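Reviewing the structure listed below.
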Ligand SMILES: [Fe+2]
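In our numbering, the protein residues as written are -13 to 472.
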C-alpha cells in the first residue's frame, strides 16, 4: 500500500502516524495493515514506534494461534498399536445350546477360575472342599446360591462348591464384617474363614476375589489419548445431534480452546461402548420416540457421523442392549446385515461385548454395563448417578455379570467370557447414561455417559442423565479430562 493511502486510512479513524511507524507499516502487506488498524482503534490517537511494536507483538501471537490447526496433527504421526484379544471375544464362537450340560460347564468354569484367583491369597491357600469340612476352624471357597437376611438381622448365605453345600452365618454382631457382607450378591464366588456350629459355618472373615492392593498401572510410552463414548442412541428423538457433531468437530481440531485442541490432537483411539443406535422394538411405545424407525437407517446415520472422525483415529465398537444383536451376554459384534457401512471402514473394529484390548500397552476392558442394573438394584448405597461405584463392585467380584438370572440374560458358554482374570488398566462401561470416573487399586474406572437426553422412561425412574460429556484418557499420564459439548 502507498504511504499516502496508509496515512489516509488511519486518519479516517482519527489516528496519526509517527514517521518511524509509517516507514514500518509500509513494509507490511495490506491485510496485515488492516489488522493493525483494527487493533489500534481503541488505543492512543498517535501511534509511536514503541506503541507500534506492541501491536506487532500481538499480531505475531495471533498468528501462532491461527496457524496451530494447520500444523501436522500429533496422533497422526504415531503408528497405532492396537491388539484386540479375539480369544476373549465371543463373536463367531458362541456354542451354547442352553441345555443342562451347558449350564453345568458354565458354572464349573466360573467357579474354578474365580477360586484360582482367591487361592492366590496366603490365607486361602489351604482351603477345604465343602463336602469334607470337619468340626472346628474352616476355610472354604464357594459360590453363593442364596443370600437371606434373618429376622434378627443376621445374613445367611447358602454356599456351594462341586463337593457340597453349607449355610454360612454372618452374625448381626459382627460389625464391619456384616457391613462388608451387605455387598454379597447371588452367584458370586467368595473365600470364607470361620468355624463350624451345628450344620453351619459362622463366618469370621469374608474374602472377595478383588484386585491386588498394590498394582502398577501400565502407561503408554508415547503421548496419546483415548476417547470413550457410549449410548449415542442415534435414531431416538432424544439423540443430541448437534452436540454429537460438536464432539466430532472437536476431534478434527475445528473447535475448542488452544488447550482443548492440543488434547484433541492426541486422540489415537476411540471406543464406543454400545447402544450406538436406539434400536427398534426394545421397549413398549418406543416407536413414538423414534426419529428414524428403520434399524438399518439408524446404523447408516451413525456410520455417516463416524466418517467425520479423523482418519488416524482407530475406532473400537462394542454392542449394547439396544443394538442389533442377541441380548444374551456375552454379546456378539453388531451384525453386518444391519450395519454394513461400519464394516467397510478398516479403522473401525467391530467387536462383541465385552471387549478386551491393549492400546499402546494399556489394557482396556470395555463392557456395555447392563449388569450395573443388578448391582444398583441389589446392593446398598448404589445409584445410577454414581455408576463408577457399581463398576468397582464388578472389579471386586472379578466378574462383569456376577449374578446369573438377574436383569442380564446370560448365555451359558463353556468358557465364562465375563470373568476379569487379569486386572485391566482401564475399565470402561456405559449403560447408566451418567458420567463417572474413579480409580480403584490402579484401575481407571470410567463410565462414559451418553449423547441422549432424558427419555420418558428415565423420567419415570427419576434418572438424570449427563449427556454430551466425553472422558478423554491421556494414556501417557493416565489422567482423565472430561470434555463437555453442551
Ligand atoms: Fe443406553
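Using N, Cα and C, we set each Cβ at its ideal position, and we do this for glycine too. Values in this document were obtained by computation on a predicted structure and should not be read as measured data.
Beta-carbon spacing of residue i, residue j below 8 Å
i, j, result
"residue 454", "residue 229", "yes"
"residue 360", "residue 393", "yes"
"residue 433", "residue 356", "no"
"residue 3", "residue 14", "no"
"residue 378", "residue 424", "yes"
"residue 358", "residue 171", "no"
"residue 362", "residue 303", "no"
"residue 188", "residue 155", "yes"
"residue 333", "residue 196", "no"
"residue 245", "residue 438", "no"
"residue 344", "residue 69", "yes"
"residue 76", "residue 403", "yes"
"residue 176", "residue 193", "yes"
"residue 449", "residue 417", "no"
"residue 267", "residue 250", "no"
"residue 81", "residue 398", "no"
"residue 553", "residue 208", "In the structure displayed, the chain extends from -13 to 472; residue 553 sits before or after that span and is not available."
"residue 254", "residue 116", "no"
"residue 71", "residue 342", "yes"
Which of helix, strand or coil DSSP assigns to residue i
i, result
"residue 345", "strand"
"residue 255", "strand"
"residue 134", "strand"
"residue 426", "strand"
"residue 325", "coil"
"residue 368", "coil"
"residue 245", "helix"
"residue 238", "coil"
"residue 222", "strand"
"residue 118", "helix"
"residue 40", "helix"
"residue 22", "helix"
"residue 144", "strand"
"residue 373", "helix"
"residue 169", "coil"
"residue 444", "helix"
"residue 154", "strand"
"residue 88", "helix"
"residue 51", "Because residue 51 carries a pLDDT of 40, less than 50, the predicted location of this residue cannot be relied on, and no value is offered for it."
"residue 469", "strand"
"residue 214", "strand"
"residue 378", "helix"
"residue 281", "helix"
"residue 361", "helix"
"residue 72", "helix"
"residue 125", "strand"
Local Cβ density within 10 Å of residue i, reported as buried at 16 or more and exposed below that
i, result
"residue 387", "buried"
"residue 83", "exposed"
"residue 62", "exposed"
"residue 216", "buried"
"residue 465", "exposed"
"residue 374", "buried"
"residue 265", "buried"
"residue 262", "buried"
"residue 297", "exposed"
"residue 0", "exposed"
"residue 131", "exposed"
"residue 384", "buried"
"residue 86", "exposed"
"residue 236", "buried"
Chain-order list of residues whose beta-carbon lies under 7 Å from that of residue i (same chain, five-residue window excluded)
i, result
"residue 269", "443"
"residue 111", "105"
"residue 396", "314, 315, 387, 390"
"residue 233", "456, 471"
"residue 118", "149"
"residue 286", "327"
"residue 140", "155, 156, 157, 158"
"residue 26", "1, 33, 41"
"residue 19", "-13, -8, 11"
"residue 135", "141"
Residues near residue i by beta carbon distance below 6 Å, same chain, minus five either side
i, result
"residue 204", "347, 348, 411"
"residue 279", "none"
"residue 284", "220, 221, 263, 278"
"residue 468", "455, 457"
"residue 16", "-13"
Contacting residues, own chain, Cβ-Cβ under 8 Å from residue i (five flanking each side not counted)
i, result
"residue 202", "428"
"residue 153", "142, 143, 144, 145, 185, 186, 187"
"residue 376", "358, 361, 362, 365, 368, 418"
"residue 8", "-11, -8, -7"
Residue i Cβ short of 7 Å to ligand 3 heavy atom set
i, result
"residue 153", "With respect to small molecules bound, the structure shown includes ligand 1 and not ligand 3."
Check your reading: residues with Cβ closer than 5 Å to ligand 1 heavy atoms: The set of residues whose C-beta lies within less than 5 Å of a heavy atom of ligand 1 reads, in chain order, 217, 261.
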